[in-house]
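Just below is one structure, and these are the notes that go with it.
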Amino acid sequence: MKKMESTGQFIIRKLADTGSFIYRRICFPFVKMVIERKYDSIIGKGAYLYKGTVLEGRNCIADKAELEHVEVGYSSFIGRDSVISNTRIGRYSCVAGLNTAIGRHPVKGECIAVHPAFYSTAAQYGYTYAKGDHIEKFEEARFTDKNHYINITIGNDVWIGKGVMITDGVTIGDGAVVGAGSLVLSDVEPYAIYAGVPAKRIGERFDEETVKKLLNLRWWDKGEEWITEHSKEFCNPGLFLSNEE
Numbered sequence: 333m334k335k336m337e338s339t340g341q342f343i344i345r346k347l348a349d350t351g352s353f354i355y356r357r358i359c360f361p362f363v364k365m366v367i368e369r370k371y372d373s374i375i376g377k378g379a380y381l382y383k384g385t386v387l388e389g390r391n392c393i394a395d396k397a398e399l400e401h402v403e404v405g406y407s408s409f410i411g412r413d414s415v416i417s418n419t420r421i422g423r424y425s426c427v428a429g430l431n432t433a434i435g436r437h438p439v440k441g442e443c444i445a446v447h448p449a450f451y452s453t454a455a456q457y458g459y460t461y462a463k464g465d466h467i468e469k470f471e472e473a474r475f476t477d478k479n480h481y482i483n484i485t486i487g488n489d490v491w492i493g494k495g496v497m498i499t500d501g502v503t504i505g506d507g508a509v510v511g512a513g514s515l516v517l518s519d520v521e522p523y524a525i526y527a528g529v530p531a532k533r534i535g536e537r538f539d540e541e542t543v544k545k546l547l548n549l550r551w552w553d554k555g556e557e558w559i560t561e562h563s564k565e566f567c568n569p570g571l572f573l574s575n576e577e
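Here our numbering runs 332 ahead of the position in the sequence shown, where the first position is 1.
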């Protein structure tokens, strides 16, 4: 039986592992300080930002959170122990604790076996049988923005409770709420409240007319000066919206 990798490939992989370990333990603490100062943000103990992660500013990344290829909008925070990848997060969103599930398996008759070695040419586990023209193309991951390799989009002013898991291809609309421990398999409408396994709509934050006004206003794009000026109105929705009519 052919080995999963040659001796040369094994050595290269181990050298890469060692380099990654050294960078994370020795170099990243200094990189983290630069990021915190540049973007006026806080990155907690044990948190790590992998390649492709971008902070817009005034963000808080809590302890032990890991972000890979994640865009974090202005003033949004990421909760402790979150593991997020290939995700775009809007402004002023609160992610208490999130795991993103990227990748799919053929569970509805597309393939005899569910192991990636039979349908994926990526050989992500060291080997693959999926070679040649006889392999039927299986959509291994769904995207919300394929051009930028974004699998999940979370809007502005969103609250994600602790222990939530979101699968790829899902968009969470502006203003939405997802209850703790939920499994989100499909899109969540703006200002809707979802909870459960799988997550289902259980309510809404505002009536339909108010939602329309808020989506048209897009207050999160108004800038720091405007938000500061109107900050006292945020806990009085009627006054807030009447002043914008």
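The beta carbon of each residue, even a glycine, is placed where N, CA and C say it ideally should be.
Here the structure is a predicted model, which is why all the values come from computation and not from measurement.
Val516 and Val510 do touch by the CB rule: their CB atoms are close to 6 Å apart, below 8 Å. For Lys346, the enclosing alpha helix (DSSP H) covers residues 339–354. With a 10 Å radius around the Cβ and a threshold of 16 neighbouring Cβ atoms, Ile375 comes out buried.
The Cβ atoms of Val363 and Glu388 lie no closer than 8 Å to each other. Within the DSSP secondary-structure output, Ala531 pairs in no beta bridge. In the displayed model, Val496 falls within a strand according to three-state DSSP. Cys426 sits close to Ile492, with the two beta carbons spaced by under 8 Å. DSSP places Ser563 in no beta strand (DSSP E); its state is neither H nor E. Here Ala433 is actually not in contact with Thr476; their C-beta atoms are around 14 Å apart, not less than 8 Å. Trp558 has its alpha-carbon roughly 20 Å from the corresponding atom of Val543. For Val427, the pairing in a beta bridge is given by DSSP as Ile410, Ile492.
When the beta-carbon positions are compared, Val529 and Ser518 stay at least 8 Å from each other.
In the structure shown, Cys392 adopts extended strand secondary structure according to DSSP, grouped into three states. For Gln456, the CB contacts under 7 Å within the same chain, skipping 5 residues up- and downstream, are Pro448 in chain order. Taking Tyr382 as the centre and dropping the five residues before and after it, the same chain places the C-beta of Glu400 closer than 6 Å to its C-beta, in chain order. Considering only Lys554, Glu541, Lys440, the residue with the shortest C-alpha distance to Gly570 is Glu541.
Taking all protein chains shown into account, Tyr481 has fewer than 16 neighbouring C-beta atoms within 10 Å of its C-beta and is therefore exposed. Judged by their CB atoms, Ile525 and Gly422 are not nearer to each other than the 8 Å cut-off. Counting only residues of its own chain and dropping the five nearest sequence neighbours on each side, Glu398 has a CB closer than 6 Å to the CB of Tyr380, Val415.
Put simply, the backbone Cα of Asn483 is about 21 Å away from that of Lys440.
With a 10 Å radius around the Cβ and a threshold of 16 neighbouring Cβ atoms, Tyr355 comes out exposed. By the neighbour-count definition (other C-beta atoms within 10 Å, threshold 16), Thr385 is a buried residue.
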